[in-house]
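Chains as they are written, first to last, in the numbering used here: chain A, 1 to 111; chain B, 112 to 219.
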């Protein structure tokens with residue numbers, strides 16, 4: 001089991017550009033979460049899916065953020081257009097009864 | 112707002128001492144989990160305690176849960192320098208939340 005795989009590990013982009021973060025969850029884990037972590041705000045839940053269906057996206061900060069889960073093995077978080085305040089580490093995580101499994105995160109820097 | 116709030120925000124102890132971190136939450140839960148995060152890395156699951164359990168042990172970790180007070184504590188006994196990390200509680204119920212974290216520094 002390779003765990004939750006996120007790509008890229010690091011992303012540096014210019015303000016106004018579109019950014020797409022990717023996540024491959026663990027097979028059989030029904031829940032998938034996108035979190036954002038910053039020093040100022042800690043861990044913030046952005047959105048989560050259950051069986052590929054978005055359940056709660058109330059944490060998505062603005063319309064510039066969107067997330068999809070077209071199938072059980074892939075999810076994306078897109079920011080368009082990106083802004084410097086979007087700079088953070090973005091984590092994808094899956095959940096089973098034994099708890100969350102986190103990916104290694106994508107460190108996004110918007111300059 | 113965060114469901115899980117932890118205290119202290121930061122804790123510094125000598126190697127060999129015990130470290131205790133506390134977590135408070137607001138709504139009913141199915142279970143509560145504790146996670147560890149080393150700098151620059153993802154969160155790693157440590158232990159899960161269900162709402163009908165009061166105490167759980169795993170190695171040097173001891174977790175307690177008081178659902179009447181909506182609080183949990185994580186005790187790390189005989190701390191080591193390698194325990195230096197941030198520790199988060201997470202609740203699972205009708206909603207999913209992570210706490211604000213406790214930054215633990217163990218001084219060799």
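Heads up, the beta-carbon is just placed ideally off N, CA and C, and yes, glycines get one too.
Could you give the distance in angstroms between the alpha-carbon of residue 101 of chain A and the alpha-carbon of residue 27 of chain A?
One alpha carbon belongs to residue 101 of chain A, the other to residue 27 of chain A, and they sit about 12 Å apart.
Taking residue 199 of chain B as the reference, which of A:62, A:7, A:37 has the closest Cα?
When each option's Cα is compared against that of residue 199 of chain B, the closest is A:37.
Residue 56 of chain A, enclosing beta strand (DSSP E) - first and last residue
Its beta strand (DSSP E) spans residues 53-56.
Would you call the stretch 177-184 of chain B and the stretch 133-151 of chain B touching, i.e. three or more CB-CB distances under 8 Å?
Per the Cβ contact rule, the stretch 177-184 of chain B is in contact with the stretch 133-151 of chain B (3 or more Cβ pairs under 8 Å).
Going along the chain, which residues of its own chain have a beta-carbon closer than 6 Å to the beta-carbon of residue 107 of chain A, five neighbours each way excluded?
Shown here for residue 107 of chain A: same chain residues with a beta carbon closer than 6 Å to its own, the five before and five after excluded, namely 10, 89 in chain order.
Residues near residue 65 of chain A in its chain [Cβ-Cβ closer than 6 Å; skip 5 each side]
Excluding residues within five positions, the ones whose Cβ falls inside 6 Å are 79.
Starting from residue 100 of chain A, find everything on chain B with Cβ-Cβ shorter than 8 Å and list it in chain order.
Residues of chain B passing the Cβ test: 144, 146, 154, 156, 201.
What residue from B:196, B:209, B:211, B:204 has the CA that sits closest to residue 97 of chain A's CA?
Of B:196, B:209, B:211, B:204, the residue nearest in Cα terms is B:204.
Put residue 70 of chain A into one of helix, strand or coil per three-state DSSP.
Annotated three-state conformation of residue 70 of chain A is strand, per DSSP.
In whole angstroms, what separates the C-alpha of residue 150 of chain B from that of residue 40 of chain A?
Going from the Cα of residue 150 of chain B to the Cα of residue 40 of chain A covers about 15 Å.
Once the 5 residues before and after residue 77 of chain A are set aside, which same chain residues still bring their CB inside 6 Å of it?
21, 34, 67, listed in sequence order.
Pick helix, strand or coil for residue 193 of chain B, following the three-state DSSP scheme.
Correct three-state label for residue 193 of chain B: helix.
Chain B within 7 Å of residue 11 of chain A, Cβ atoms only:
Residue 11 of chain A does not count as touching chain B.
Which residue's Cα is closest to the Cα of residue 165 of chain B: B:120, B:185, B:193?
Comparing Cα-Cα distances from residue 165 of chain B to each of B:120, B:185, B:193, the minimum goes to B:185.
Output the distance between the C-alpha atoms of residue 122 of chain B and residue 169 of chain B, rounded to the nearest integer angstrom.
The C-alpha of residue 122 of chain B lies about 21 Å from the C-alpha of residue 169 of chain B.
Quick one, are the C-beta atoms of residue 3 of chain A and residue 156 of chain B less than 7 Å apart?
No. Outside cutoff.
Identify, in the order they occur along the chain, each residue of the same chain with its Cβ nearer than 8 Å to the Cβ of residue 84 of chain A, setting aside the five sequence neighbours on each side.
Close CB contacts of residue 84 of chain A within its chain, under the 8 Å cut and outside five residues either way in sequence, are with 15, 110, 111 (chain order).
With 16 other Cβ atoms within 10 Å as the buried cut-off, status of residue 53 of chain A
By the neighbour-count definition (other C-beta atoms within 10 Å, threshold 16), residue 53 of chain A is an exposed residue.
Give a yes or no on whether the C-beta atoms belonging to residue 153 of chain B and residue 104 of chain A are separated by under 7 Å.
When the beta-carbon positions are compared, residue 153 of chain B and residue 104 of chain A come within less than 7 Å of each other.
Starting from residue 136 of chain B, follow its DSSP beta bridges and name the residues at the other end.
Paired residues: none, contrary to the question.
Taking buried to mean at least 16 other C-beta atoms within 10 Å of its own C-beta, is residue 73 of chain A buried or exposed?
That one is exposed.
Does residue 85 of chain A come out as helix, strand or coil in the three-state DSSP assignment?
It is helical.
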